[in-house]
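Numbering (the working numbering), first residue to last: 494 to 848.
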Ligand code: PGA
């Protein structure tokens, strides 16, 4: 982990499939180690598009490597409200389809919030859900996804760090994001039952997975301040939480976006160009107008120490950019880029020469 920026350990994989395979193996190891001690393994499970490949990997471990779920107890994070368990979009249905019907788990060990509980009974029902988790010995490992607004479970921005399982109102952005599962947005339930943030934080270990276009919220959660406006940032305060993400979801992390700030960069013409262009865009200045002070103020003082004058670096970057301009997309094969500096004689004016 890069100490000063990432406050949660992050493991980056080339594809979601690779990340899911890693997470599945971690879960498999835990199930087996509990099994060898004659103990139950209590898993907190998530739904949504993110964990589908994780469940596919777990099913494969069951089918091909004999991983048994007989000693596994599960608690799902959330469920829409109101909803019938048989509804195509219910998380009951999702879990059956993607995992439970394909492994040897005892149905009596499966717990998913019930979207049918009468409104006046919900408070009591949610308290019982919490007590059931406690009675099972607490959650050994909680799997999470992350919403683009930073929600974990259905704990939308503003949820308290101390929240427990409860009925919540969904953010409009969540309803829009989940409309793909329904006919249209008007069919997306307005409420849900979700474990609270403190329920999640009480898990002994947490794995949050994020794939694809989640880079912004991943960066804020991992590198930003802890705030209830970004519920996932509260995971910084958990002592055994890992983010498992793919390369696309990692692109906004400082170690990729501005690696020179981490103190661990090897300077090459490409990384110098990236750093200088990044600085120019940030300061809204042309590359050739950057000053030595701009370099120092932007954390690029090391470049000056290594390569001397800021103006000379500006020029080298400018030449690199200039030489990348070509009528051939991707560059002309075998083209010889002319030497710098500029030719000393002006190019002949062909029009006047032909007269
Ligand atoms: P997704 O949702 O996996 O469908 O992207 C994640 C979440 O909202 O927690």
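Beta carbons are placed, not taken as given, at the ideal position from N, Cα and C, and that holds for glycine. Keep in mind that this is a model prediction, so the values were computed, not measured.
| Across which residues does DSSP place residue 685 in a beta bridge pair? | Taking the chain shown and counting its residues from 1, one reaches residue 685 at position 192. Looking at the DSSP assignment, residue 685 forms a beta bridge with 573, 661.
| From which residue to which residue does the alpha helix (DSSP H) around residue 524 run? | Sequence index remark: in the chain shown, residue 524 carries index 31 (1-based). Start and end: 509 to 529.
| query | Taking 7 Å as the cut-off, is the CB of residue 771 close to at least one heavy atom of ligand 1? | reply | Counting from one through the chain shown, the residue named residue 771 turns up at place 278. Result no, Cβ not under 7 Å from ligand 1.
| request: Can you give me the Cβ contacts of residue 740 inside the same chain, cut-off strictly under 7 Å, excluding the 5 residues immediately before and after it? | output: As a first step, residue 740 must be located in the chain shown, where it is residue number 247. So the list reads 505, 507, once near-sequence residues are dropped.
| field | Start and end residues, beta strand (DSSP E) containing residue 736 | value | As a first step, residue 736 must be located in the chain shown, where it is residue number 243. Note, residue 736: beta strand (DSSP E), 734 to 739.
| message | When you measure from the CB of residue 542 to every non-hydrogen atom of ligand 1, does any distance come out below 7 Å? | response | Stepping through the chain shown from its first residue, residue 542 is reached at position 49. Checking the 7 Å criterion, the Cβ of residue 542 is within range of a heavy atom belonging to ligand 1.
| field | Inside the stretch 739 to 765 only - beta strand (DSSP E) runs reaching at least 3 residues | value | none
| request: Could you please give the first and the last residue of the uninterrupted beta strand (DSSP E) stretch that includes residue 601? | output: Counted from its first residue, the chain shown places residue 601 at position 108. Per DSSP, residue 601 belongs to no beta strand (DSSP E) and is neither H nor E.
| message | I'd like to know whether the C-beta atoms of residue 661 and residue 675 end up nearer to each other than 8 Å. | response | Taking the first residue of the chain shown as position 1, residue 661 is located at position 168. Taking the first residue of the chain shown as position 1, residue 675 is located at position 182. No, the Cβ-Cβ distance between residue 661 and residue 675 is not below 8 Å.
| field | Alpha-carbon spacing of residue 790 relative to residue 768, whole angstroms | value | Here the question's residue 790 lines up with position 297 in the chain shown. Here the question's residue 768 lines up with position 275 in the chain shown. Using only the alpha carbons, I get a separation of about 13 Å.
| field | Residue environment, residue 624, which counts as buried when at least 16 other CB atoms sit within 10 Å | value | Taking the first residue of the chain shown as 1, we reach residue 624 at position 131. Residue 624 is exposed by the Cβ-count criterion.
| query | Counting pairs of Cβ atoms below 8 Å between the stretch 697 to 705 and the stretch 735 to 755, do you hit three or more? | reply | yes
| Cβ pair residue 727, residue 688 closer than 8 Å | Against the chain shown, residue 727 aligns to sequence position 234. Against the chain shown, residue 688 aligns to sequence position 195. Contact flag unset, no.
| message | With three or more beta-carbon pairs closer than 8 Å as the criterion, would you say the stretch 600 to 613 touches the stretch 569 to 578? | response | yes
| message | Tell me which residue opens and which closes the alpha helix (DSSP H) that residue 803 is part of. | response | Residue 803 sits at position 310 when you count from the first residue of the chain shown. First-last of the alpha helix (DSSP H) with residue 803: 803 to 816.
| said: I believe residue 712 touches residue 663 by the beta-carbon criterion, under 8 Å. Please report the beta-carbon distance rounded to the nearest angstrom. | reply: Position 219 of the chain shown, counted from the start, is the residue given in the question as residue 712. Position 170 of the chain shown, counted from the start, is the residue given in the question as residue 663. Actually they do not touch by this definition, with Cβ atoms about 24 Å apart.
| residue 625: first and last residue of the uninterrupted alpha helix (DSSP H) it sits in | The sequence position of residue 625 within the chain shown is 132, counting from 1. Element bounds for residue 625: 615 to 628.
| request: Indicate, with yes or no, if ligand 1 has a heavy atom lying under 7 Å from the CB of residue 640. | output: Taking the first residue of the chain shown as position 1, residue 640 is located at position 147. Because some heavy atom of ligand 1 lies under 7 Å away, the Cβ of residue 640 counts as near it: yes.
| Any idea what DSSP makes of residue 504, helix, strand or coil? | Within the chain shown, numbered from 1, the residue matching residue 504 stands at position 11. Three-state DSSP puts residue 504 in a strand.
| request: Under the assumption that residue 537 contacts residue 632 (Cβ atoms under 8 Å), give the Cβ distance between them as a whole number of angstroms. | output: Working through the chain shown from its first residue, we reach residue 537 at position 44. Working through the chain shown from its first residue, we reach residue 632 at position 139. Residue 537 to residue 632, Cβ: 4 Å. Contact.
| query | Going by beta carbon distance, what residues of the same chain come within less than 6 Å of residue 595, once the five residues before and after it are set aside? | reply | As a position in the chain shown, residue 595 is number 102, starting the count at 1. The answer, listed in chain order, is 552.
| task | Within its chain, find whatever has a CB closer than 6 Å to the CB of residue 495; leave out the 5 residues flanking it on each side and keep chain order. | result | Translated into the one-based positions of the chain shown, residue 495 becomes position 2. Confidence at residue 495 is low in this model, with a pLDDT of 44, below 50, so its placement is unreliable and the value that follows should be read with caution. Result list for residue 495: 748, 755, in chain order.
| query | What are the boundary residues of the beta strand (DSSP E) that residue 853 is part of? | reply | Residue 853 lies beyond the range of the chain shown here (494 to 848); nothing can be said about it.
| message | Tell me the residue span of the alpha helix (DSSP H) that contains residue 552. | response | As a position in the chain shown, residue 552 is number 59, starting the count at 1. Looking at the DSSP string, the run of the alpha helix (DSSP H) that includes residue 552 is 545 to 558.
| request: Would you check whether ligand 1 has a heavy atom nearer than 7 Å to the C-beta of residue 438? | output: Outside the modelled stretch of the chain, which goes from 494 to 848, sits residue 438, for which no answer is possible.
| query | Which word fits residue 500, buried or exposed, when buried means at least 16 other C-beta atoms lie within 10 angstroms of its C-beta? | reply | Numbered from 1 along the chain shown, position 7 holds the residue referred to as residue 500. Buried.
| message | Rounded to the nearest angstrom, what separates residue 655 and residue 634 at their Cα positions? | response | Along the chain shown, one-based indexing puts residue 655 at 162. Along the chain shown, one-based indexing puts residue 634 at 141. Rounded to the nearest angstrom, the two C-alpha atoms are 19 Å apart.
| request: Quick one: give me the first and last residue of the alpha helix (DSSP H) that residue 711 is part of. | output: If you number the chain shown from 1, residue 711 lands on position 218. 708 to 716 is the span of the alpha helix (DSSP H), which, as asked, contains residue 711.
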